[in-house]
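Before any comments, here is the structure.
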Amino acid sequence: MMAASLHVLVCLILWIVSPCHGQDELPAIEFITLEEQPVGTLIGKMSDAEVLKTDVVPAEFNSLTFRLLDSGTSSQSISVVEQSGNVYLEKVLDREALCGYLLNCQFTFDVAVRTASNSYITILTAQVTIQDKNDHVPLFPASFLNLQVSENDQDTKYTIAPAEDKDIGNFSIQSYEIVQQSDIFGLEITKNQDQSLSLQVILKKELDREEQNRYQFHVVAKDGGDPPNSGTLSISVEVLDENDNNPNFLESEYSMSVKEKTAAGTIVLQVLATDKDMGVNGQITYRFSPHQQGLEQIQQVFTISQQTGEISLSKTLSANPGTVFQFYVDASDQGDQAKVTQQLVTVTVVDGGNNPPELLLSYIITSDNGVMNISESAKNATPLVHVRVDDSDSGLNGNVSCTINDTNFTLQPVAGKGFIVMTNNRLDREIVQRYYVTVLCEDKGSPPLSSVVNFTVNVTDENDRIPRFSKGVYPATLTENSNPGGVVTQVSASDDDIGRNAQVNYYLHDDSVSKFAINSHTGVITANMKFDREVNPRITFRVLAVDGGNPQQTGTATVVLTITDINDNAPSFNSSGVEMMIQENREPLTKVGELKAVDSDEGNNGRVVYSLLGNVSRNLPFIVYQDGVVRAKESLDREVQSVYTFHVRARDQGDTPLETNISVTVHITDDNDNSPVFVFPNDSNDTVSIGYLAETPSWITKISAADRDTDQIKAIVYSIRHGNDLQLFSIDPYTGDLYLLNTHMVSEDTSFRLMLSAEDNGSPRRVTTHSLHVILVYTNATSLAHMAENTGNKYIIISAVVVVLTVILSAVIIALILFLRRKDQRQELARKLSNDIKNENSRYLENGKVCYGEKQDFSGCNGDLYKQKKKKEVSFSLDEDLDNVFDISSVSAYNVGKHEHAEKMKTFQPSVTYDPQTIQTLHLHQLLIQNQDTSKDKNLKKLNVKSPHDDISDTSGETTTSDSGRGGSDMDVPSCTNMPDDAKAYNFNSHHGYQSSSGSTSYLTCGSPTDKEEGDLVKPRPVSDIYSLSSKQKDFKHLTPRENFERKHNLQSSAQKTGVRGSDTTRQKPSDWSPSYV
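For the sequence shown, the tail end lands on 1867 under my numbering, and the numbers increase by one without skipping.
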């Protein structure tokens, strides 16, 4: 109403300005929004109205303004922007609060629209439709419902209140379902006209309360959302005991004849019924059916006992004979809904002339008010009562026959005395506790007359039933390590007997007495100790139920106790450390090994997860997975690191996890991935030298290579691949020792390039090669000796100057010592020469050594001239050691100067036997050469002058004749200074040293026969010229060392032939020289 009034008012005000548009109601603008949208949500634009686009001039369209008109509650929910016409929410819209269960939830509002020039003005109506959102869940009126269901009911429906969902449409409740017990209970859903749902629970099958007295299930209501919302109703069903058994009469019909005028109170007959129900549902009462016709007349003649069912006459029977009374008797139990059974009773009034038989009941077994007690253990055919039958009538009226109503009993005729009622079967109290017995005796009259007697048999209990447990096996659980006294389970047993026979006490079997205890009355079993699941996870024992009878009966049940686990065991390894191996250069993520820890717990408590201990994962090239598998992150290099040690933690997954740490050592096994590398020769040192006339075989040098792989793989084998075509060299394949195998004549220094290989023992084998230059040195001893003579004095002067400058006092003492030593040396030399001449004829060679005196076997001759003739004298002269050189055994044909290689060289053996004079000549010759060589080396070292033949090793920088590791040098071997006639090239055979057959003066030359002096051969000097000089006058400077040697020892010149005797003019031709090569 307000909106319409405002619309009219605005039109009147603006009528003068412009015509009022919207005289006819314009269609509403439709906006749609979802409920529960936040404040400020844009739901639409008023400017999008089609009427504005058609009615407003485009030039003025942008000048339109919009104003929300107050339309009550609706206008409070939205706002309109004046310039743009955008409509926004001002509050959160709840569809259910605004519209309830209406399918269409809408509200409208008005907006005044005009241009800036007021040329156009109108009022637009907008309609907002609020769409539903699935924001409510189905809710039942109550979350729990208790139903009471009678047993034996089936297909019974129980109405329950349905759930409610405030949403509509598909978001409302769409379905119901039962969770659990769906085989027993079902749902019936009915859709009402108002689209609501009615819900009923259907009982699908009969329930037996004795089997299970309570059921639990859930009803779930779901809406149509995606995902659907749901609500749950928990239903507990209690099964009630039902009076589901009707009383049953023992007889299918009751018919009795009564004589007329029978006295009041006479029992006509007794009706009996039984009910299988227990308690009040099985208690039966009797009455005349209240709804039958003629009830009042029946009650005037007969009465009935409600408890016993006996029908008697209420007054003296006055009915005429032939009168028949028929009436119905009701047997009713005492249940809430009593069950009633009717039985027709017929009573015929007969003429009193024929008397019914008279029955007299006598109890054989003691009775109490007509009730006899008989034990259920009584034997069959046990007599109970005696029935005496008397009928004074005659003929057929006196002919009587009797019957009994229960087959468990029988009538045994006694001649002339009636019948004895006896048991016909073994009675079982647990089946039938009480029997109502009727004996009917009837004559043959017309109509026949009968009489009945009734008695009750009560079966007494015997302890013939064993207590029965409610379950044969009782499952139970107990947490391990629980304190003693914890409840394990409760057992229960029942006994069908009664009284003491049904009193049950509980006991444990002997197999579990120490572990458990049981309450003898309640059957509650408790633990006597703590149990360890890892020792025994399941314990089975027996429980006894003993009744109070005599003798006692015992029932047995089994209890199976499962010990549930707690996390009380940490993972364990079978060793303190784990060793693993992986070959180097394997692919990344190669499996190295697997850790296996044992945890005796179960489930998560026994599930072990492995991880690296500490912050080492970045640097460690291994990954330890949770399952214990160890893999290599990357390809490994044994030569970089061969062993890795790290620690791994094994932790179980229990709520309180336990863990164990173990040390893991990974050995990187070798792969033949490194080739041998030559240590010698190498790129900077690949040359060795040896005299070309060295004794063969002669050790040259040692080839050495290294391999970074393990010992098995780096067992290197050496060989010469190329450059040994002349077979001059050989190499030990295992030690690398290189030998000169054969002599090769050269006239100058000659280099041989050997290509050596070093091969390892891996698979596949790796081979490295390197070249070695071996120089066969052509030596020049004459020039070397000359240099030694020129530098000898300089050496002494330089040494003296250095000593004096170092310590002046020491220099004086040393000078004095040198002076005295020089003097003693000269005297000793003169003495030795004199003795040599005197003993010239007494010398002989034994075992390569010079001996004096007569040849005989004595231990004193050891080839050491000095030691045999040594006299005691005080001297510290080093020259005495020179006498040791006279031992020919110490002279090697080629001395390499390396003791460690001495065993590998073949010891020189003379090819001929020398006479004593020759041996002496050799000794003196060696002495002179050594003195000169020593003086020469010292002078060279002081003057820093390289020996003219120190080019044996191309790369050696040494100035002495030491071993450079590249083979021996010629300078290491004492020799004559006459080069190239090196002493190593001669074995002093008859061509080089001999004594004339006439014993005249002999000559020995160390020079070559081709050495010329002024074009002539060297003229040998007589030995006598040498010995004629005194020790103080000796001067051999103008002679060669070999000539000095020959002169001093009175030896023949090697140039003389054997046939020439003392001739100085005879010369040997160069062609007569034939050096013997080793």
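Backbone N, C-alpha and C fix where the C-beta goes; we use that ideal spot for every residue, glycine too.
Because the structure is a prediction, the values reported are computed rather than measured.
- Message: Considering Cα atoms alone, identify which of Ser1303, Val1302, Leu1229, Ser1281 is closest to Val1293.
- Response: Ser1281
- Task: Measure the CB-CB distance between Pro827 and Val870 and report whether it falls below 9 Å.
- Result: no
- Query: Going along the chain, which residues of its own chain have a beta-carbon closer than 8 Å to the beta-carbon of Gly1392, five neighbours each way excluded?
  - Reply: Asp1354
- Between Asp1390 and Leu934, what straight-line distance do the alpha-carbon atoms span, to the nearest angstrom? 42 Å
- 3 or more residues per run - each beta strand (DSSP E) lying fully within the region 1073-1137: 1074-1077, 1091-1093, 1099-1102, 1113-1121
- Item | Reference Asp1444; option with closest CA among Tyr1117, Asn1358, Gly1275 | Asn1358
- Message: Among Val1455, Thr1051, Phe1244, whose alpha-carbon lies nearest the alpha-carbon of Leu1149?
- Response: Phe1244
- Query: Taking the C-alpha atoms as reference points, what is the distance between Phe960 and Arg884?
  - Reply: 13 Å
- Just grab the DSSP bridge partners of Lys946 for me. Ile991
- Message: Suppose you measure from the CA of Ser932 to the CA of Tyr965; what does that come to, to the nearest Å?
- Response: 15 Å
- Sequence ranges, beta strand (DSSP E) only - wholly within the region 904-941, length at least 3: 910-920, 933-939
- Buried versus exposed, by CB contacts within 10 Å (16 or more), Ala1523: Note on residue identity: the sequence assigns Tyr, not Ala, to residue 1523. Exposed: under 16 other Cβ atoms inside 10 Å.
- Short check: CB of Leu1058 to CB of Val1136, under 9 Å? yes
- Query: Exposed or buried, which one is Leu1515 when buried takes at least 16 other CB atoms within 10 Å?
  - Reply: exposed
- Please look up how many angstroms separate the CB atoms of Ile1193 and Val1210, rounded, as I've assumed it's under 8 Å. 7 Å
- Query: Under 9 Å, do Ile978 and Leu988 count as touching if we go by C-beta distance?
  - Reply: yes
- Message: Extract the residue ranges of the alpha helix (DSSP H) inside the region 968-1051, only unbroken runs of 4 or more that lie entirely within it.
- Response: none
- Message: Going by beta-carbon coordinates alone, are Val743 and Leu1384 separated by less than 9 Å?
- Response: The requested residue 743 does not occur in the structure, where the chain is confined to residues 790 to 1867.
- Message: For Asn1450, count the other beta carbons within 10 Å of its own beta carbon; 16 or more makes it buried, fewer makes it exposed. Which is it?
- Response: exposed
- Query: What do you get for Asn907, buried or exposed, if any count of 16 or more other CB atoms within 10 angstroms of its CB means buried?
  - Reply: exposed
- Task: Mind reading off the beta-carbon distance from Asn1197 to Thr1212? Whole number of angstroms is fine, and I expect it under 8 Å.
- Result: 7 Å
- Nearest to Pro1036 (by Cα), restricted to the options Lys1011, Gly1054, Val1129: Val1129
- Query: So, using beta-carbon positions, are Asp1251 and Ser1164 closer together than 9 Å?
  - Reply: Sequence check: residue 1251 is Glu here, not Asp. Against a cut-off of 9 Å, the Cβ pair of Ser1164 and Glu1251 comes out as a contact.
- Message: Once the 5 residues before and after Tyr1567 are set aside, which same chain residues still bring their CB inside 8 Å of it?
- Response: Tyr1481, Val1535, Ser1536, Glu1537, Asp1538, Thr1539, Pro1769
- Task: Identify which residue in Val1506, Gln1201, Tyr1528, Phe896 has its Cα closest to the Cα of Asn1878.
- Result: Residue 1878 is absent from the structure shown; the chain starts at 790 and stops at 1867.
- Inter-residue CB distance, Ser863 and Tyr877 (contact presumed, cutoff 8 Å): No, Ser863 and Tyr877 are not in contact; Cβ-Cβ is about 14 Å, not under 8 Å.
- Query: Considering only C-alpha positions, which residue in the set Thr945, Val1277, Asp1284, Tyr1296 is nearest to Phe1320?
  - Reply: Val1277
- Message: My output table needs one value for Asn1450: the three-state DSSP class, helix, strand or coil.
- Response: strand
- CB-CB under 6 Å to Pro1326, same chain, minus the five flanking residues each way: which ones, in chain order? Ile1352
- Message: Nearest by alpha-carbon distance to Asn1270: which of Arg1223, Glu1323, Ser1240 is it?
- Response: Glu1323
- Query: What separation, rounded to the nearest whole angstrom, lies between the Cα atoms of Thr948 and Val917?
  - Reply: 41 Å
- Task: Go ahead and label Lys1826 buried or exposed: buried means 16 or more other beta carbons lie within 10 angstroms of its beta carbon, across all protein chains shown.
- Result: Confidence at Lys1826 is low in this model, with a pLDDT of 46, below 50, so the placement of that residue is unreliable and no value is reported for it.
- Query: Which same chain residues, not among the five before or five after Asp1179, have their C-beta less than 6 Å away from its C-beta?
  - Reply: Glu1147
- Does the Cβ-Cβ distance between Thr1434 and Asp1459 come in under 9 Å? no
- Cβ of Asp768 within 9 Å of Cβ of Thr914? Here the chain has residues from 790 to 1867 only, and residue 768 is not among them.
- Hey, Ile1024 and Val1060: beta-carbon distance below 9 Å or not? no
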